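Numbering (the working numbering), first residue to last: 462 to 922.
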């Protein structure tokens with residue numbers, strides 16, 4: 462119970478039931494303005510790449526196939542109706558509406574086979590506005606290892622959907638997540654935090670968009686199917702390139718990557734010894750073989766350009782030592798970039814992202830505060846409804862008395878005068894009492910807030 466509630470409980474009841482009801486409403490307003498305001502009971506807790514090692518994150522992570530069971534188990538043991546678990550390679554987080562976050566932390570440790578002392582030094586926990594701000598930052602990519610990365614929003618949305626399927630969320634928690642999604646969209650559209658390339662794969666796509674006006678009309682050639690070109694291929698497929706050719710020394714590895722990408726784009730596997738002849742088909746070439754010598758030579762590219770009728774080619778050399786003869790960059794219709802060129806672009810873009818992130822952080826804080834105010838306003842709705850109901854009862858009672866007095870022949874002026882006096886006295890009694898209590902309240906902002914809410918000029922107070 463708040464201090465105001467304790468003070469009131471010491472006094473003998475001296476107001477009518479209507480007055481007590483009105484006073485409870487104004488007490489709610491006072492609590493809303495003070496440091497003892499109501500809480501949403503929204504908590505976020507977990508670990509991420511900044512608080513825990515890869516080894517610990519692996520032990521805490523949940524595999525998607527067992528997530529539904531984990532949600533049901535946690536809700537049962539911790540007596541929850543609202544829980545979402547977000548588990549990625551960089552974080553495992555639990556979002557819940559609960560008044561016992563410690564129990565949730567204990568469940569997480571136990572379910573992962575960890576001693577609580579092993580886990581708690583690495584766990585961060587946020588409540589209410591801080592928890593909502595954290596969720597918004599996560600969904601917006603502001604809390605990611607790669608600042609502004611877009612994949613996390615889809616992962617958060619997927620986590621919410623999995624919780625819906627498992628029956629572990631109600632509209633109350635869903636509403637908070639939807640507000641986080643709205644914040645992420647606002648950050649994406651109104652700041653530059655995610656607009657610049659900060660990975661090799663995405664940088665290749667950005668360069669392709671600068672050279673070619675319509676990616677679906679282009680063909681990309683991946684020379685080698687290692688980790689780097691796998692990322693390039695994924696980005697190109699996601700952004701709608703028309704076709705991808707994969708040329709790799711190991712046909713099995715090329716076929717494995719082709720199987721992954723074929724769900725999004727048409728893919729062909731080309732034998733490595735046909736690399737020179739297939740160049741003419743490629744608008745975009747990304748090479749990263751790890752060879753000690755060049756694998757793409759100027760004579761082959763000249764021949765390819767002639768077959769292409771000198772349509773432009775974008776060639777990106779991600780290998781060290783270089784795969785593509787450096788003299789190819791001197792050809793008029795070739796745009797050649799090395800890994801160093803891309804790294805300079807990425808470093809510059811990352812600096813721009815960090816600058817944009819400052820603006821995004823302010824935006825997220827403001828949006829979180831707005832949502833918290835909305836939720837707290839929603840909480841006082843029943844008190845406001847009760848206040849209106851009792852005010853209506855007062856009005857009706859005094860109106861009935863006034864009508865009876867008129868039927869008994871009393872003067873209309875006298876009846877109206879008495880009606881206005883009685884209504885005014887009853888309606889201002891509880892607010893007056895509230896002002897007296899606000900004077901002695903611990904928080905200095907309560908009295909000005911109450912006076913302002915009542916339309917009173919407090920300049921003389």
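Backbone N, C-alpha and C fix where the C-beta goes; we use that ideal spot for every residue, glycine too. Owing to the predicted nature of the structure, the values given are computational and were not obtained by experimental measurement.
Quick one: what's got a C-beta closer than 7 angstroms to residue 627's C-beta in the same chain, skipping five residues either side? 529, 532, 533
Quick check on DSSP: helix, strand or coil for residue 884? helix
With which residues is residue 732 paired in a DSSP beta bridge? 709
Evaluate contact between the segment 802-821 and the segment 604-616, counting only Cβ atoms and requiring at least three cross-stretch pairs below 8 angstroms. yes
How long is the line joining the alpha carbons of residue 891 and residue 550, rounded to whole angstroms? When rounded, the distance between both Cα atoms is 56 angstroms.
To the nearest angstrom, how far is it from the Cα of residue 498 to the Cα of residue 669? With a pLDDT of 46 at residue 498, under the threshold of 50, the predicted position of this residue should be treated as unreliable, though the coordinate-derived value follows. The straight-line gap from Cα to Cα measures roughly 53 angstroms.
Looking only at its own chain, which residues have a Cβ that is under 7 angstroms from the Cβ of residue 728, when we skip the five neighbours before and after it? 705, 707, 719, 722
What separation, rounded to the nearest whole angstrom, lies between the Cα atoms of residue 866 and residue 876? 7 angstroms
Tell me whether residue 848 sits in a helix, a strand or coil according to DSSP, three-state version. helix
Tell me which residue opens and which closes the alpha helix (DSSP H) that residue 617 is part of. 612-627
So, is residue 655 buried or exposed, given that buried needs 16 or more other C-beta atoms within 10 angstroms? buried
Do residue 600 and residue 621 have their CB atoms nearer than 8 angstroms? no
Mind the definition here: the segment 625-642 touches the segment 660-667 only if three or more C-beta pairs lie below 8 angstroms; say whether that holds. With a cut-off of 8 angstroms, the segment 660-667 and the segment 625-642 do not count as touching, because too few Cβ pairs lie within range.
Report the rounded CA-to-CA distance for residue 832 versus residue 846, giving the unit in angstroms. 21 angstroms
Determine the direct distance from the alpha carbon of residue 594 to that of residue 907, and round the result to whole angstroms. Each residue's alpha carbon lies about 26 angstroms from the other.
What does the alpha-carbon distance come out to for the pair residue 828 and residue 644? Cα-Cα distance, rounded: 7 angstroms.
Measure the CB-CB distance between residue 637 and residue 585 and report whether it falls below 8 angstroms. For the pair residue 637 and residue 585, the CB atoms are not nearer than the 8 angstroms cut-off.
The beta strand (DSSP E) enclosing residue 554, as first and last residue numbers: 552-558
According to DSSP, simplified to helix, strand and coil, what is residue 910? helix
Per-residue DSSP class, three states only, for residue 601: helix
Does the segment 799-811 come within contact of the segment 767-774, defined as at least 3 CB pairs closer than 8 angstroms? no
On a Cα-Cα basis, can you pick out the residue from 512, 617, 653 that is closest to residue 809? 653
Run the CB neighbour count on residue 422, radius 10 Å, all protein chains shown included, and call it buried at 16 or more, exposed below. No information on residue 422 is available, as it lies outside the stretch 462 to 922 that the chain covers here.
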